[in-house]
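Participant:
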Amino acid sequence: REERPSGWLWNLGQKKVFSAAATRTIRSTTLRQLLQARGLQESAPSSKATDQHPMSSPPSHSQAETNDSSSVLHWVIYALCVSGALGLVVIASVVYLLVSRRKKDNTVNPWATGLSGQLRKAFVTGVPSLGRAELEAACENFSNVIGTVSDSALYKGTLSSGVEIAVASSPVKSAKEWSDRSEEQFRNKISELSKVNHKNFMNLLGYCTCDDPFTRMMVFEYAPCGSLFEHLHVREAEHLDWPTRLRIIMGVTYCLEHMNQLDPPVTPRTLNSSSIYLTEDYAAKFSDTEFWKDDEADAAPTRSAGQDSIVYKFGILLLEVISGRLPFSEDHGLLVLWASSYLDGKRPIGSMADPVLRASSPVPEEDLAALCDVVRLCINREAAKRPSMAEVAGLMKGAVRLSPEQTTPRNNPLWWAELEIMSTAST
Numbered sequence: 002r003e004e005r006p007s008g009w010l011w012n013l014g015q016k017k018v019f020s021a022a023a024t025r026t027i028r029s030t031t032l033r034q035l036l037q038a039r040g041l042q043e044s045a046p047s048s049k050a051t052d053q054h055p056m057s058s059p060p061s062h063s064q065a066e067t068n069d070s071s072s073v074l075h076w077v078i079y080a081l082c083v084s085g086a087l088g089l090v091v092i093a094s095v096v097y098l099l100v101s102r103r104k105k106d107n108t109v110n111p112w113a114t115g116l117s118g119q120l121r122k123a124f125v126t127g128v129p130s131l132g133r134a135e136l137e138a139a140c141e142n143f144s145n146v147i148g149t150v151s152d153s154a155l156y157k158g159t160l161s162s163g164v165e166i167a168v169a170s171s172p173v174k175s176a177k178e179w180s181d182r183s184e185e186q187f188r189n190k191i192s193e194l195s196k197v198n199h200k201n202f203m204n205l206l207g208y209c210t211c212d213d214p215f216t217r218m219m220v221f222e223y224a225p226c227g228s229l230f231e232h233l234h235v236r237e238a239e240h241l242d243w244p245t246r247l248r249i250i251m252g253v254t255y256c257l258e259h260m261n262q263l264d265p266p267v268t269p270r271t272l273n274s275s276s277i278y279l280t281e282d283y284a285a286k287f288s289d290t291e292f293w294k295d296d297e298a299d300a301a302p303t304r305s306a307g308q309d310s311i312v313y314k315f316g317i318l319l320l321e322v323i324s325g326r327l328p329f330s331e332d333h334g335l336l337v338l339w340a341s342s343y344l345d346g347k348r349p350i351g352s353m354a355d356p357v358l359r360a361s362s363p364v365p366e367e368d369l370a371a372l373c374d375v376v377r378l379c380i381n382r383e384a385a386k387r388p389s390m391a392e393v394a395g396l397m398k399g400a401v402r403l404s405p406e407q408t409t410p411r412n413n414p415l416w417w418a419e420l421e422i423m424s425t426a427s428t
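Under my numbering, think of the first position of the sequence shown as 2, with each following residue one higher.
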């Protein structure tokens with residue numbers, strides 16, 4: 002009984018020791034759990050990343066350096082891009098200033114390379130204003146006259162490179178004789194012709210205005226084989242066979258159709274065999290080189306009246322091509338009156354063809370009949386009953402059956418001029 006208390010006390014001591022140790026264990030466990038819970042809350046994003054990449058380890062010192070290097074590289078690339086863009090802006094500004102200065106300081110030295118800077122622009126950017134000095138040099142002091150019309154003379158010009166041009170010049174020699182209305186009509190003419198741009202048209206390349214000496218000129222393409230008038234009526238000129246005549250008249254038809262389709266339509270004042278020039282392969286180049294006159298009698302007609310007039314003139318031109326006769330002569334009078342007996346059926350239509358054609362080979366009467374049908378409509382005495390130019394073109398396409406490509410010049414003078422520009426620019 003005396004040992005029991007001591008055993009009880011020992012057990013009690015043991016329990017106290019166990020209890021203290023357990024308490025410390027619980028406390029340390031609780032503290033650890035609290036710390037872990039707090040750590041989990043603070044490192045929630047990183048734990049998610051750890052879940053996605055379970056094999057990844059905390060970033061080392063070398064990885065931190067890599068991230069710093071990547072950041073520096075990004076800044077370097079950004080700086081280079083900005084510097085490059087600024088450099089391009091500077092270069093573009095310098096080029097623009099140089100081009101602008103060159104335009105301002107452009108001097109007339111046109112024939113050293115064959116084409117002046119201004120004349121080059123004629124084939125690229127539209128219709129430029131050209132200097133009298135360069136045109137005078139090209140036309141040999143305006144001594145080579147190739148034609149005249151009611152209000153202008155036509156000169157041939159040749160550049161040192163061999164490119165040929167035609168220059169139409171007004172005979173007016175004083176500004177006092179050139180009114181404000183004349184200048185307005187001249188400018189309108191330039192604006193109209195610059196829009197045509199057709200392969201069967203003598204396209205406008207430039208113009209010249211000068212007050213000392215007074216000059217008003219227009220510069221056109223050049224067709225080297227003369228006018229249709231010469232080949233129909235001049236004995237020394239080469240005569241045209243029937244297929245060539247059909248090709249020429251269809252080229253004119255397509256050109257007039259194109260001019261009529263422009264907005265607004267361009268209506269030429271003159272249409273006859275003298276206004277049609279021929280290329281080396283005898284394709285048609287219709288020209289409109291006349292200047293508008295400051296005269297009430299020659300004032301521009303209304304658009305409807307102008308179209309009716311062109312349709313009538315086209316009918317007369319057809320008769321001229323078919324018969325080889327002049328529109329008017331003292332021996333035979335008016336061509337339209339001479340042809341009336343054939344058109345009315347009183348005389349055989351085959352006898353209407355040019356004797357030169359009949360001497361070489363007979364002209365197909367089917368062609369003659371189809372063309373004469375068009376002529377009858379075009380020369381109707383009542384203008385209101387005449388067809389429009391668009392309708393005439395449709396009738397001609399059915400009668401002749403030649404495509405626009407078949408009537409196009411094979412060697413386009415403007416194309417050769419463009420080649421010259423390219424070769425000059427590359428040197």
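We put the CB at the ideal spot given by N, CA and C, even for glycine.
Does E383 come out as helix, strand or coil in the three-state DSSP assignment?
Facilitator: E383: coil per DSSP, three-state reduction.
Participant: Could you check whether V393 and V312 sit closer than 9 Å to each other, using their CB atoms as the reference points?
Facilitator: Contact: yes.
Participant: Taking the CB atoms as reference points, tell me whether V128 and S195 lie closer together than 9 Å.
Facilitator: Yes, Cβ-Cβ distance for V128 and S195 is below 9 Å.
Participant: Report the partner residues of C211 according to the DSSP bridge assignment.
Facilitator: In DSSP, C211 forms a bridge with T216.
Participant: Count the CB pairs spanning the region 259-272 and the region 221-234 that are closer than 8 Å, and state whether there are at least three.
Facilitator: In short, these stretches do not touch, since the Cβ pair count stays below three.
Participant: Roughly how many whole angstroms lie between the Cα atoms of E193 and D332?
Facilitator: C-alpha separation (whole angstroms): 39 Å.
Participant: When you compare each of S342, G307, K347, L358 to G325 by their alpha carbons, which one comes out closest?
Facilitator: It is L358 whose Cα lies nearest to the Cα of G325.
Participant: In whole angstroms, give me the CA-to-CA distance for Y79 and R411.
Facilitator: Roughly 56 Å between the two C-alpha positions.
Participant: According to DSSP, is V197 helix, strand or coil?
Facilitator: Three-state DSSP puts V197 in coil, outside helix and strand.
Participant: Looking at C-alpha atoms only, which residue of G307, V267, T254, E178 is the closest neighbour of A285?
Facilitator: Ranking the options by Cα distance to A285, first place goes to T254.
Participant: Would you identify the three-state DSSP class for L206, choosing helix, strand or coil?
Facilitator: L206: strand per DSSP, three-state reduction.
Participant: I think Y278 touches M353, with their Cβ atoms under 8 Å apart; what is that distance to the nearest whole Å?
Facilitator: About 26 Å; that fails the 8 Å criterion.
Participant: Please report the distance separating the alpha-carbon of S144 from that of Y156.
Facilitator: Roughly 7 Å separates the two Cα atoms.
Participant: Pick helix, strand or coil for K174, following the three-state DSSP scheme.
Facilitator: Of the three classes helix, strand and coil, the one that applies to K174 here is coil, per DSSP.
Participant: Could you say which of D345, A360, S362 lies nearest to A370 if we only look at CA atoms?
Facilitator: The shortest C-alpha separation from A370 is found at D345.
Participant: Report the rounded CA-to-CA distance for G163 versus E135, giving the unit in angstroms.
Facilitator: About 15 Å.
Participant: Rounded to whole angstroms, what's the CA-CA distance from T159 to A167? Just pull it up for me.
Facilitator: If I take the Cα positions, the gap works out to 9 Å.
Participant: Might you give, ordered along the chain, the residues of its own chain that have their beta carbon closer than 7 Å to the beta carbon of M397, omitting 5 neighbours on each side?
Facilitator: M251, T254, V375.
Participant: Measuring only the C-alpha atoms, how far is P265 from A86?
Facilitator: Between P265 and A86, the C-alpha separation is close to 45 Å.
Participant: Below 6 Å CB to CB, which residues in the same chain sit around V364 once its five sequence neighbours on both sides are set aside?
Facilitator: So the qualifying residues of the chain are W243, A354, L358.
Participant: Taking the beta carbon of N201 as the centre, do at least 16 other beta carbons fall within 10 Å, making it buried, or is it exposed?
Facilitator: With 16 or more Cβ atoms within 10 Å of its Cβ, N201 is classed as buried.
Participant: Pop quiz: R246 and V322 are said to be a contact at Cβ under 8 Å. What is the actual Cβ separation, rounded to whole angstroms?
Facilitator: 5 Å between Cβ atoms; contact.
Participant: Note down the Cα distance separating R133 from H240, rounded to an integer number of angstroms.
Facilitator: Taking the straight line from one Cα to the other gives about 37 Å.
Participant: State buried or exposed for L13, treating a residue as buried only when at least 16 other CB atoms are found within 10 Å of its CB.
Facilitator: Unreliable placement is indicated for L13, whose pLDDT of 40 sits below 50; no coordinate value is reported for it.
Participant: How close, in whole Å, do the beta carbons of F315 and L272 come, if the pair is a contact with beta carbons under 8 Å?
Facilitator: So it is a contact: roughly 6 Å between Cβ atoms.
Participant: Measure the alpha-carbon distance for E291 versus V83 and round it to whole angstroms.
Facilitator: One C-alpha to the other measures close to 58 Å.
Participant: Have a look at the DSSP bridge pairing and note the partners of A169.
Facilitator: Paired residue(s): L155, M219.
Participant: If you measure between the beta carbons of L319 and L257, is that distance less than 9 Å?
Facilitator: No, these two residues do not count as a Cβ contact at 9 Å.
Participant: With a threshold of 16 other CB atoms inside 10 Å of the CB of Y223, please say whether the residue is buried or exposed.
Facilitator: Buried, because 16 or more other Cβ atoms sit within 10 Å of the Cβ of Y223.
Participant: Beta carbon of Y208: closer than 8 Å to some heavy atom of the ligand GDP?
Facilitator: This structure simply doesn't include the ligand GDP, nor any ligand for that matter.
Participant: Is it right to say C75 is buried, meaning 16 or more other beta carbons lie within 10 angstroms of its own, or is it exposed?
Facilitator: A quick correction: the sequence has His, not Cys, at residue 75. Classification of H75: exposed, given that the 10 Å Cβ count is below 16.
Participant: From T408 to R387, what does the alpha carbon distance come to, in whole angstroms?
Facilitator: Rounded to whole angstroms, T408 to R387 spans 26 Å at the Cα level.
Participant: Report the start-end ranges of each beta strand (DSSP E) in the region 225-304 that is 3 residues or longer and not cut off at the edges.
Facilitator: Complete beta strand (DSSP E) runs here, min 3: 277-279, 285-287.
Participant: Starting from G334, follow its DSSP beta bridges and name the residues at the other end.
Facilitator: According to DSSP, which records beta bridges pairwise, G334 is partnered with S330.
Participant: Could you give the DSSP three-state label for S404: helix, strand or coil?
Facilitator: DSSP places S404 in coil when its eight states are reduced to three.
Participant: Who are the Cβ neighbours of R304 in its own chain at under 7 Å, not counting the five residues just before and after it?
Facilitator: Because the pLDDT of R304 is 40, which lies under 50, any placement of that residue in the model is unreliable, and the number read from its coordinates should be weighed accordingly. Around R304: P266, T268.
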